[in-house]
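Enquirer: So the sequence lines, in the order shown, correspond to chains A and B.
Start counting the first sequence at 627; every next residue gets the next number (this note's numbering).
Start counting the second sequence at 627; every next residue gets the next number (this note's numbering).
There's a structure below that I have some questions on.
2 protein chains.
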Amino acid sequence: MLSSLAALRRAAPALRRAASSSPTAYTYARHGHPSTVITASTAAAPSSPSSDQVAVSFLAAGVDAGDVAAVLGVDGGAGKAPFPRVAGHGGVAVVTAVGAGVKGLKAGDYVVPAKAGLGTWRHAAVVSSADVLAVPKSVPLEAAATLTSGAATALRLLSDFGALAAGDTVVQSGGESAVGSAVVQLAAARGMKTVTFVKESADYASTVERLKSAGGDVVVSETYASSSGMREIFADMGAPKLALNGTGGKVATELARALAPGGTLVTYGSATPGLTVPASALTGKDLTLRGFSMERWLGRASRADAEGMVAALADAGVASPSVSKVKFGNLLDVLGNVRAGGGGYVAVMPEGERLMM
Amino acid sequence: MLSSLAALRRAAPALRRAASSSPTAYTYARHGHPSTVITASTAAAPSSPSSDQVAVSFLAAGVDAGDVAAVLGVDGGAGKAPFPRVAGHGGVAVVTAVGAGVKGLKAGDYVVPAKAGLGTWRHAAVVSSADVLAVPKSVPLEAAATLTSGAATALRLLSDFGALAAGDTVVQSGGESAVGSAVVQLAAARGMKTVTFVKESADYASTVERLKSAGGDVVVSETYASSSGMREIFADMGAPKLALNGTGGKVATELARALAPGGTLVTYGSATPGLTVPASALTGKDLTLRGFSMERWLGRASRADAEGMVAALADAGVASPSVSKVKFGNLLDVLGNVRAGGGGYVAVMPEGERLMM
Chain A
627 MLSSLAALRR AAPALRRAAS SSPTAYTYAR HGHPSTVITA STAAAPSSPS
677 SDQVAVSFLA AGVDAGDVAA VLGVDGGAGK APFPRVAGHG GVAVVTAVGA
727 GVKGLKAGDY VVPAKAGLGT WRHAAVVSSA DVLAVPKSVP LEAAATLTSG
777 AATALRLLSD FGALAAGDTV VQSGGESAVG SAVVQLAAAR GMKTVTFVKE
827 SADYASTVER LKSAGGDVVV SETYASSSGM REIFADMGAP KLALNGTGGK
877 VATELARALA PGGTLVTYGS ATPGLTVPAS ALTGKDLTLR GFSMERWLGR
927 ASRADAEGMV AALADAGVAS PSVSKVKFGN LLDVLGNVRA GGGGYVAVMP
977 EGERLMM
Chain B
627 MLSSLAALRR AAPALRRAAS SSPTAYTYAR HGHPSTVITA STAAAPSSPS
677 SDQVAVSFLA AGVDAGDVAA VLGVDGGAGK APFPRVAGHG GVAVVTAVGA
727 GVKGLKAGDY VVPAKAGLGT WRHAAVVSSA DVLAVPKSVP LEAAATLTSG
777 AATALRLLSD FGALAAGDTV VQSGGESAVG SAVVQLAAAR GMKTVTFVKE
827 SADYASTVER LKSAGGDVVV SETYASSSGM REIFADMGAP KLALNGTGGK
877 VATELARALA PGGTLVTYGS ATPGLTVPAS ALTGKDLTLR GFSMERWLGR
927 ASRADAEGMV AALADAGVAS PSVSKVKFGN LLDVLGNVRA GGGGYVAVMP
977 EGERLMM
């Protein structure tokens with residue numbers, strides 16, 4: 627997967643050549659390299675919703691490694707719409723019309739996808755009312771467009787893997803991602819302490835600053851994760867009960883090492899490499915290793931649970947993640963820069979641009 | 627740990643030279659290579675038990691990779707008796723005298739250790755009555771001497787990691803060990819199906835035959851674990867909900883691959899190498915990875931739970947594992963042959979020899 631993303635970056639010029647000047651949707655008819663299989667289309671959306679449908683006009687769409695994984699077909703098959711399908715998991719849309727039988731949604735409401743693989747890389751769509759969730763307009767556009775891949779994932783990671791209380795410590799890798807910053811924010815709001823490992827990239831210093839401003843207690847580079855100083859920090863703060871592995875690789879071993887006996891290490895995201903842990907960590911410390919997929923969670927959650935989650939995130943005043951904005955027509959230009967655990971974008975539709983002014 | 631065991635095998639002649647002709651206990655005063663740190667001793671046991679103590683005379687002692695790990699100090703510190711300490715975790719003894727305040731045990735009862743690191747490599751001992759559990763005399767001597775490392779581990783693995791029902795499939799590696807054969811036997815008694823991977827050693831054919839006789843449904847070599855034929859077998863039997871990783875290494879990846887969505891992979895034993903799993907198995911199939919240590923379980927179990935477990939194993943008619951018998955005086959001779967996931971021995975005391983005739 628990582629090598630696929632690396633190949634994608636190398637292929638970026640080809641992607642730029644393929645981009646249409648005024649597409650209304652990005653579709654693909656088979657799995658494969660995005661530069662090969664994604665078509666920029668100008669097809670019109672179906673005109674009016676039937677009884678249980680809603681017509682929506684997208685304002686912004688998320689663009690991250692999970693979207694690329696879905697096109698490549700390496701995401702575990704979370705998005706199973708028939709081919710050809712519209713790409714994109716995350717997005718925020720405004721309801722433009724509702725079918726006669728639709729309850730709880732009206733024209734003008736903002737909505738986010740209630741399932742994986744809704745197909746958000748398009749101007750407009752007519753979808754089942756069950757496939758979208760109302761989202762308060764107080765949620766910033768960038769946060770709403772990445773809600774199900776960013777803040778919602780962070781909320782689930784902090785809520786579903788053991789009972790954490792104020793004062794407990796959580797350690798995570800991949801702090802530069804939308805999930806990572808939402809973990810910092812949501813944990814701080816609950817009085818939990820966070821230790822965040824961040825990749826040393828060009829914008830490392832500003833990422834550290836941003837995460838500390840969001841309430842992060844300790845934000846250090848992945849390189850520092852294995853240092854003896856780190857052991858002293860954990861001794862002071864208390865060993866974490868929960869570790870969140872957003873990027874895989876060597877730092878995952880440090881996450882396992884930092885955990886308190888009985889702790890849980892959760893791997894999430896579709897683009898992380900394999901995980902190696904010493905058997906002694908499993909047997910000697912009674913660790914539990916789990917995986918989490920937001921797509922799978924959405925697939926099995928009740929509507930009430932999903933609505934409750936969106937409401938909780940809106941109440942928490944979830945901040946905009948650190949994503950770059952790009953015009954929808956230029957979406958394919960940035961695909962080559964998307965990388966696991968960071969490098970996210972929000973593609974803004976023409977109407978979204980107006981709303982954001 | 628594996629390399630330590632390999633070094634131990636190479637050092638076997640040195641061990642033989644160090645062995646005393648008539649030791650009554652094997653002790654060590656610091657962690658290290660068994661050939662260097664274990665002393666064959668002829669010290670007499672304390673003479674009479676105080677109020678809450680019992681005097682016991684050992685009949686047989688288990689000798690396996692877990693014992694070696696404890697001497698090396700790589701077992702997570704399960705055996706924490708002060709130095710110098712007597713080696714050996716597993717064993718069966720006859721009670722020869724009880725203190726005035728002891729209830730539930732009387733002279734002539736058979737007992738097994740109720741905690742890790744009791745020190746079973748000795749003729750006799752005076753220990754706290756809380757540190758031993760009565761075991762019915764119907765349990766074969768070899769099974770009793772390895773109960774807490776073999777059959778008890780198997781029982782916990784099948785009982786504590788998800789609700790398994792008759793008809794469910796369990797897959798395991800390390801089928802040649804005492805745990806592996808007890809898993810086959812106990813699972814068959816509950817109507818569960820087993821797929822067992824066995825190392826291809828010199829006695830491979832007889833191991834397969836023995837495990838099939840014990841009720842194993844599919845018993846194949848580790849090499850076959852990754853074959854396409856294996857996938858067909860799992861398709862026929864139903865994907866396993868539980869995988870038991872007794873040996874680590876590459877076959878652990880096949881165990882993870884075989885698991886049904888939502889399944890659990892449990893790593894146990896003190897001598898397995900690290901575990902590598904694709905992140906996609908954790909996120910895409912919602913797998914859970916756990917570790918199990920019988921020593922830790924014994925450390926936190928209530929006496930009622932531990933007694934109940936021994937009774938359940940006796941009721942199940944737990945069979946003798948495939949261990950080699952060796953005279954207690956020759957125990958050090960066989961240490962070099964002990965290997966992770968198999969190669970277990972039972973050292974028989976002089977009194978045990980009479981009982982087994």
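We put the CB at the ideal spot given by N, CA and C, even for glycine.
1) Note down, in chain order, each residue of its chain lying with its Cβ closer than 6 Å to the Cβ of VAL758/B, except the 5 sequence neighbours on either side.
2) Would you please verify whether the beta carbon of VAL809/B is less than 9 Å from any beta carbon of chain A?
3) For GLY717/B, which option in ALA831/B, VAL846/B, PRO766/B has the closest C-alpha, if you only look at C-alpha atoms?
4) What residue ranges within the segment 743-786 of chain B form continuous alpha helix (DSSP H) runs of no fewer than 4 residues, ordered along the chain?
5) Establish whether the CB of SER906/B and some CB of chain A are separated by less than 9 Å.
6) May I ask you to verify whether the segment 772-789 of chain A touches the segment 805-812 of chain A, counting CB pairs closer than 8 Å and requiring at least 3?
7) Can you tell me which of the three DSSP states SER803/B falls into?
8) List the residues of chain A that GLY620/B touches, going by C-beta distances under 8 Å, in chain order.
9) Cβ of GLY917/A less than 9 Å from any chain B Cβ?
10) Pick from VAL824/B, PHE709/B, PRO675/B, SER674/B: whose alpha carbon is nearest that of GLY658/B?
11) What are the start and end residues of each continuous alpha helix (DSSP H) run of 4 or more residues lying completely inside the segment 907-974 of chain B, in chain order?
12) In terms of alpha-carbon separation, which member of LEU685/A, LEU961/A, GLY842/A, GLY925/A lies closest to VAL721/A?
13) For a contact meaning CB atoms closer than 7 Å, what does ARG922/B contact in chain A?
14) Would you check if the distance between the CB atom of GLY970/B and the CB atom of THR820/B is smaller than 9 Å?
15) Do THR795/B and GLY888/B have their beta-carbon atoms positioned less than 9 Å apart in this structure?
16) Should PRO904/A be labelled buried (16 or more other beta-carbon atoms within 10 Å of its own) or exposed?
17) Taking DSSP's pairing of strands, which residues face ALA687/A in a bridge?
18) At least one CB of chain A closer than 9 Å to the CB of GLY895/B: is that the case?
19) Judging by CA-CA distance, which residue of ALA681/B, THR653/B, TYR830/B is the nearest neighbour of GLY714/B?
20) Please look up how many angstroms separate the CB atoms of ASP678/B and VAL752/B, rounded, as I've assumed it's under 8 Å.
21) What does DSSP give as the partner residue(s) for LYS819/B in the beta ladder?
22) What separation, rounded to the nearest whole angstrom, lies between the Cα atoms of SER683/B and HIS749/B?
23) So VAL892/A packs on PHE860/A, CB below 8 Å; how close in whole Å?
24) Do SER601/A and GLY900/A have their C-beta atoms closer together than 9 Å?
25) For the pair the segment 843-860 of chain B and the segment 823-834 of chain B, tell me if three or more CB-CB distances fall below 8 Å.
26) Can you check whether the C-beta of ASN956/A is within less than 9 Å of a C-beta belonging to chain B?
27) In chain order, what residues of the same chain lie with their CB nearer than 6 Å to the CB of ALA681/B, ignoring the 5 residues before and after it?
28) Using 10 angstroms around the beta-carbon of ALA897/B, count the other beta-carbons present and answer buried if the total reaches 16, otherwise exposed.
29) Can you tell me which of the three DSSP states LEU790/B falls into?
30) How many angstroms separate the CA atom of PHE787/A from the CA atom of GLY978/B?
31) To which residues of the same chain is ARG816/A closer than 8 Å at the C-beta, ignoring the five residues directly before and after it?
32) Between the C-alpha atoms of GLU582/B and ALA813/B, what's the straight-line distance to the nearest angstrom?
33) In angstroms, rounded to a whole number, what distance separates the CA positions of LEU958/A and ASP931/A?
34) Can you round the beta-carbon distance between VAL944/B and ALA973/B to whole angstroms, since I take them to be within the 8 Å contact cut?
35) Would you say ASN871/B faces chain A, with C-beta separation under 9 Å as the test?
Expert: Put simply:
1) Cβ neighbours of VAL758/B beyond the five flanking positions: VAL737, ALA740.
2) Nearest CB-CB separation between VAL809/B and chain A: not below the 9 Å threshold.
3) With distances taken between Cα atoms, GLY717/B lies closest to PRO766/B.
4) Those alpha helix (DSSP H) runs which fall completely within the segment 743-786 of chain B and span 4+ residues are 767-771, 777-785.
5) In terms of beta-carbon proximity, SER906/B lines the interface with chain A, with at least one pair separated by less than 9 Å.
6) When C-beta atoms of the segment 772-789 of chain A are compared with those of the segment 805-812 of chain A, three or more pairs fall below 8 Å, so the two segments count as touching.
7) For SER803/B, the secondary structure class from DSSP, reduced to helix, strand or coil, is coil.
8) Here chain B has residues from 627 to 983 only, and residue 620/B is not among them.
9) So, interface residue.
10) Taking only the C-alpha atoms, the option nearest GLY658/B is PHE709/B.
11) Within the segment 907-974 of chain B, the complete alpha helix (DSSP H) runs of at least 4 residues are 920-926, 929-941, 957-960.
12) Of the candidates LEU685/A, LEU961/A, GLY842/A, GLY925/A, the residue whose Cα lies closest to the Cα of VAL721/A is LEU685/A.
13) In chain order, ASP912 make up the part of chain A whose C-beta sits under 7 Å from the C-beta of ARG922/B.
14) No, Cβ-Cβ distance for GLY970/B and THR820/B is not below 9 Å.
15) Contact flag unset, no.
16) Result: buried.
17) According to DSSP, ALA687/A bridges with GLY717/A, ALA973/A.
18) Answer yes: the Cβ-Cβ gap between GLY895/B and chain A drops below 9 Å somewhere.
19) Ranking the options by Cα distance to GLY714/B, first place goes to THR653/B.
20) About 11 Å; that fails the 8 Å criterion.
21) DSSP, once it has assigned bridges, lists THR795/B as partnering LYS819/B.
22) Spanning the two alpha carbons is a distance of roughly 6 Å.
23) Not really, about 18 Å apart at Cβ, beyond 8 Å.
24) Absent from the structure is residue 601/A, since the part of chain A shown begins at 627 and ends at 983.
25) The segment 843-860 of chain B is in contact with the segment 823-834 of chain B.
26) No, ASN956/A lies away from the interface with chain B (no Cβ there is under 9 Å from its Cβ).
27) Cβ neighbours of ALA681/B beyond the five flanking positions: PRO675, THR722, ALA723, VAL752.
28) Because ALA897/B sits at a pLDDT of 46, beneath the cut-off of 50, its placement in the model cannot be relied upon, and the following sentence gives the value as read from the coordinates. So ALA897/B counts as buried.
29) In this structure, LEU790/B counts as coil in the three-state DSSP scheme.
30) Rounded to the nearest angstrom, the two C-alpha atoms are 49 Å apart.
31) Only LEU784, LEU790, ALA792 meet the Cβ criterion.
32) Lying outside 627 to 983, the shown extent of chain B, residue 582/B is not represented and no answer is given.
33) So the alpha carbons of these two residues sit roughly 34 Å apart.
34) Contact doesn't hold; Cβ gap of about 20 Å is too wide.
35) Against chain A, the CB of ASN871/B has a partner CB under 9 Å away; the residue lies at that interface.
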